[in-house]
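> Take a look at this one; I'll ask things after.
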Amino acid sequence: MTATRQVTYILLTFAAIIFLPLIGSYIHHSGVFPDGFFDYPMLEPKPKAPFSWPIFIFIALGGFGVLFFYLFPQWFGFKSLKNSRWFTLKRLVFPYGFG
Numbered sequence: 002m003t004a005t006r007q008v009t010y011i012l013l014t015f016a017a018i019i020f021l022p023l024i025g026s027y028i029h030h031s032g033v034f035p036d037g038f039f040d041y042p043m044l045e046p047k048p049k050a051p052f053s054w055p056i057f058i059f060i061a062l063g064g065f066g067v068l069f070f071y072l073f074p075q076w077f078g079f080k081s082l083k084n085s086r087w088f089t090l091k092r093l094v095f096p097y098g099f100g
């Protein structure tokens, strides 16, 4: 890859980092940014949303699903290997000082 192409990709990446969130905010606010939107640092925090049990349960169930997927793959149609050791381990010789 040439240096010019690398610089172009880096500049496009920086432009995307800057402009994609700006475009998303523009769409979210219907083209009219609220007063103080571009003030930095924020002078007062936004009010915190209350705890949502449905969202918590949904995320917890997803986490348990991933956990069960890793712990019990046969439940999801994966078959265990007949010969699970497809490589051989050589005996390691430790130096005398390791005990």
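Residues in the sequence shown are numbered from 2 upward in steps of one, following my numbering. All C-beta atoms in this analysis are idealised placements derived from N, C-alpha and C, irrespective of residue type, glycine included. From a predicted model like this one, the values you see are computed outputs, not experimental measurements.
Could you check the C-alpha separation between Leu93 and Tyr71 for me, to the nearest Å?
30 Å
> With a Cβ-Cβ cutoff of 8 Å, do Phe69 and Trp76 count as a contact?
yes
> By how many angstroms is the C-alpha of Leu23 removed from the C-alpha of Ile56?
27 Å
> What would DSSP say about Val94, mapped onto helix, strand or coil?
coil
> Give every residue of the same chain whose Cβ lies closer than 8 Å to the Cβ of Tyr97, excluding the five residues on either side of it in the sequence, and list them in chain order.
Taking C-beta separations shorter than 8 Å and ignoring five residues to either side along the sequence, Tyr97 has no partners in its chain.
> Tell me where the alpha helix (DSSP H) around Pro22 begins and ends.
First-last of the alpha helix (DSSP H) with Pro22: 4-29.
> Roughly how many angstroms lie between the CA atoms of Phe15 and Thr9, to the nearest whole one?
Each residue's alpha carbon lies about 10 Å from the other.
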